[in-house]
Each structure stands twice: as C-alpha cells, then as structure tokens.
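These notes are about the structure you will find just below.
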Amino acid sequence: MISYTLLEFDTLDSTSDFLKENHSYFPHMTMIRTNHQEKGRGQFERVWISNKNENIMFSILLKEVDIKRVGNVKLWILESLITFINTYGINCFFKEPNDIYVDDKKLCGILIETQASEDIYDYIVVGVGLNINQEQFDGLPATSFKNILGSKQDLKKLFSKLLSILIKDYERYHI
Numbered sequence: 390m391i392s393y394t395l396l397e398f399d400t401l402d403s404t405s406d407f408l409k410e411n412h413s414y415f416p417h418m419t420m421i422r423t424n425h426q427e428k429g430r431g432q433f434e435r436v437w438i439s440n441k442n443e444n445i446m447f448s449i450l451l452k453e454v455d456i457k458r459v460g461n462v463k464l465w466i467l468e469s470l471i472t473f474i475n476t477y478g479i480n481c482f483f484k485e486p487n488d489i490y491v492d493d494k495k496l497c498g499i500l501i502e503t504q505a506s507e508d509i510y511d512y513i514v515v516g517v518g519l520n521i522n523q524e525q526f527d528g529l530p531a532t533s534f535k536n537i538l539g540s541k542q543d544l545k546k547l548f549s550k551l552l553s554i555l556i557k558d559y560e561r562y563h564i
C-alpha cells in the first residue's frame with residue numbers, strides 16, 4: 390500500500406494553490422485538507438464557495454508522473470469518489486469536464502492542474518470539493534450529502550473513509 394502524508398489546516402486560501410506553491414517541499418502523495426478555503430476555485434478560475442466546517446476540501450500532490458499516465462489519475466480520482474458516494478446509497482454520475490452530479494445538481498468538483506518537463510509531470514495537483522453539510526448554495530444548482538440523506542454527516546469520519554478508498558484504489562491505476 391502506498392504511503393502518504395496528510396496535513397490539515399483550519400483555513401487556507403486554496404489547498405491546490407498551497408500545494409502548487411510548495412510542491413518542492415513535499416513528497417509524492419501529500420494531501421492537504423482544510424476546514425475552509427477563502428479562495429477556492431474550479432476550472433476557468435470559477436469561484437468555489439464553501440461554508441466553513443461544512444464540506445470536504447482537499448488536494449493531492451503527485452510528483453514525477455509519466456505524461457502517459459495522466460488519464461489514469463483522472464480515472465483513479467473519479468472512480469474512488471463515485472465508489473465512496475455510492476456507499477452512502479447516493480446515485481451519482483460524472484459530468485464532463487470535472488464534476489460529479491446527483492440528478493441535475495452538483496455534488497462534487499474536481500480540478501486537476503499540472504506542470505510538466507518533457508515527458509514527466511513535475512507535479513499533478515488534484516483538488517476536490519465535496520459538498521457534505523452545506524444546505525444553501527446561493528441559487529446555484531448544487532446539493533450535498535445532508536440535503537440528499539436528510540441528516541448532518543460527520544466530516545472527519547467521511548474524509549477518513551474517502552481517504553482509505555483513495556489509498557486502496559491507487560495501486561490499480563499504475564500512476
């Protein structure tokens with residue numbers, strides 16, 4: 390089983406930005422989780438708004454990955470997230486380019502950012518925002534575990550379960 394480093398913060402501007410700015414200090418499979426992002430974002434610099442202590446927000450740093458394997462990274466993240474969500478009886482689907490939906494509402498966003506040198510990615514940073522206990526989304530078509538399941542969820546317990554699925558599934562994708 391692959392080893393990993395997990396660092397947790399109360400507040401960061403962005404877990405992905407933190408890893409990109411500091412990637413040289415951390416090993417492959419470093420994960421950064423925060424209770425609140427002040428400048429969370431998605432694709433095309435879209436803002437990701439998340440209430441403090443209500444959702445799972447984290448990023449994963451992968452280093453020195455062969456360029457041919459980037460598709461495996463996306464499959465690993467997507468399939469692990471869908472497996473995790475399905476274990477709670479939530480029927481979800483992937484919507485291109487980087488979201489997981491339930492019916493017509495966004496449950497999870499994924500952002501993959503890279504820096505390459507020749508045929509190797511110096512780093513790949515995978516950011517994940519998963520709506521857990523937030524109920525209101527300012528008119529956006531989004532939902533959460535709480536809205537779907539009808540009860541507040543334990544963030545630490547859910548993140549721990551998600552982390553174990555990600556780690557277990559990692560080896561299958563030959564990253």
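Quick note on numbering: the sequence shown equals residues 390 to 564 in this note's numbering.
Quick reminder that beta carbons are idealized off the backbone N, C-alpha and C, glycines included.
Residue interval of the alpha helix (DSSP H) (run including residue i)
i      : result
GLU485 : Segment: none, GLU485 is in no alpha helix (DSSP H) and carries neither H nor E.
C-beta atoms of residue i and residue j nearer than 9 Å
i      : j      : result
TYR559 : ILE391 : yes
VAL514 : ILE466 : no
ARG422 : GLU443 : no
VAL454 : ILE509 : yes
HIS463 : THR400 : According to the sequence provided, residue 463 is Lys. The question's His does not apply to it. Not in contact: LYS463 and THR400 (Cβ atoms no closer than 9 Å).
LEU519 : ILE445 : yes
ILE521 : LEU552 : no
SER439 : HIS425 : yes
For residue i, the three-state DSSP class (helix, strand or coil)
i      : result
PHE433 : Here the model assigns PHE433 a pLDDT of 47, short of 50, so the residue's position is not dependable, and the following value carries that caveat. Helix.
ASP406 : helix
LYS495 : strand
GLY460 : helix
TYR510 : strand
TYR386 : A query on residue 386 cannot be resolved here, the shown segment of the chain reaching from 390 to 564 and no further.
THR476 : coil
ILE564 : coil
ASN440 : coil
GLU524 : coil
Burial state of residue i (16 or more Cβ within 10 Å)
i      : result
ASP527 : exposed
GLY478 : exposed
GLN525 : exposed
THR404 : buried
ASP493 : exposed
Residue range of the unbroken beta strand (DSSP E) whose run includes residue i
i      : result
SER349 : Summary: the structure shown does not reach residue 349, with the chain confined to residues 390 through 564, and so no result is reported for it.
LYS452 : 444 to 455
TYR559 : TYR559 -> not in any beta strand (DSSP E); alpha helix (DSSP H) instead, spanning 544 to 559.
LEU529 : First-last for LEU529: undefined, no H or E at that position.
HIS425 : 419 to 426
Proximity test, residue i beta-carbon vs the ligand ADP heavy atom, cut-off 8 Å
i      : result
PHE407 : In the structure shown, the ligand ADP is absent, as is every other ligand, since no ligand is present at all.
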